[in-house]
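Going letter by letter, the sequence shown gives residues -5 to 287 in this note's numbering. Don't be surprised by glycine CBs; every beta carbon is placed ideally from N, CA and C. First up is the structure itself, then whatever we jot down about it.
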Amino acid sequence: MGDVLAGFHAAWEFESDSVLIRFERGIRTPKLYQALGERRIPLEAIAAVTLSPGKRGTVVLHAVPRPGADPLMEAAAGQLKDGCDPYRLVLPAERETLAEYYADELRALLPAHDRGPCDRYLVAAPEAPLQFKAYDGKASFDGKQVSFRWFWTGASSAKWKAGDQSFPVTDLCGIEWRSPEVFEGHLRLLRRESPVAQPAQADQDPAAVVFGLGYGPVHESLPFAASVLAAVRASGPLAPGDGVGASVAVAAVVRRDPADIADRIRHLGELHQAGLLTDDEFTTKKAELLAEL
């Protein structure tokens, strides 16, 4: 096709075997888009194309990715808000006819088969090196190993006792990313083999970093998670059930260090003051934490 369709915050260039998405840079552009820059989506990575009404006089062209085709979307695991979905192009409603034309053209180019789950990634992951600051430490990835360096102001005593950590991707079977926009967001590395069961709480797990208000934002932590996930997949075959959100043995923590409880309550207070937790949510969660003493 070779044509370009420009919308709010992005432009799609239609090619014979792919769609090149170029994201704008600007104060109103979602930070995730700016971090991604541009992405080439092979047609074989697209399961369907839809066009639907959007908000406030807009229409939305959506290229629905095949499950498992894109490490970014696999890491996100459905947690991205519509406004940050890189597969959605929002256009003014008056351009609906033009958008419908391109939707039809794109559908005609999609392969007639293989629109189900993928057994390999078809979309390139964000390139390493990558890093971001979490609430309790700094996470770094050089393409071969993930490193966590703990902050004395946020890390639990369990993490301090374990010391700074480094994990070769060959020792990992996947990742667990819980958005920093929800309570108790975190990034956890899932290990192929571990001498001890991984703790249930991410703030107690030396193979995880926890997010907090202003720490580990989506546009930094999600590309990081996707890059690690792609490297893990490329490092060798995974056992059935391994991957994003894979089941891991977790140890129930009956009693926790009072200092850790105080840290978590302080974190709750920050979320409450920022308006991210209601009075009832703050009171309930605080009571749950105090009950663990």
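Rounded Cβ spacing between residue i and residue j (contact assumed at less than 8 Å)
i, j, result
"T52", "V84", "5 Å"
"G137", "A225", "6 Å"
"F135", "L124", "5 Å"
"A256", "P200", "So it is not a contact: roughly 20 Å between Cβ atoms."
"R60", "P105", "Contact flag wrong, Cβ pair sits at about 10 Å."
"I15", "E32", "6 Å"
"R34", "Y115", "That pair is no contact at about 13 Å."
"D158", "W144", "6 Å"
Sequence-distant residues of its chain with Cβ nearer than 8 Å to residue i (five each side left out)
i, result
"K280", "I259 and L262"
"P120", "A29, L30, L66, P217, F218, A220 and S221"
"G239", "Caution applies to G239, whose pLDDT of 47 falls short of 50 and renders its modelled position unreliable; the model cannot decide the point."
"D113", "G62"
"D(-3)", "E7, F8 and Y96"
"R19", "Q28"
Residues sharing a beta bridge with residue i, DSSP
i, result
"H356", "The chain is shown only over -5 to 287; residue 356 falls outside these bounds and no answer can be derived."
"H180", "R172 and V204"
"G131", "W144"
"Y209", "G206"
"L166", "R185"
"F161", "V140"
Beta-carbon contacts of residue i that lie in its chain and below 7 Å, excluding the five residues immediately before and after
i, result
"S229", "V163 and T164"
"H180", "R172, A196, A202, V203, V204 and F205"
"Q73", "S173"
"P47", "V53"
"G77", "P24"
"D98", "none"
"A102", "none"
"A122", "F135, D136, G137 and S221"
"W154", "W144"
"H266", "F276"
"E175", "V212"
Cut-off 6 Å between Cβ atoms - residues of its own chain near residue i, not counting five sequence neighbours on either side
i, result
"Y27", "H3 and F17"
"V58", "A41 and A42"
"G148", "Y129 and D130"
"L223", "P65, A69 and I169"
"S160", "Q139 and S141"
Short Cβ contact (7 Å threshold) for residue i with residue j
i, j, result
"Y95", "L(-1)", "no"
"Q198", "A152", "yes"
"V140", "A39", "no"
"C167", "L184", "yes"
"K75", "H213", "no"
"P36", "S12", "yes"
"E275", "L207", "no"
"A93", "L55", "yes"
"K127", "Y209", "yes"
In the stretch -5 to 47, which residue ranges form an unbroken beta strand (DSSP E) of at least 3 residues, counting only runs that do not cross its ends?
Whole beta strand (DSSP E) segments, 3+ residues: -2 to 0, 4 to 8, 12 to 17, 32 to 36 and 40 to 47.
Length-filtered (3 minimum) beta strand (DSSP E) runs lying within the stretch 99 to 127
The qualifying runs are 124 to 127.
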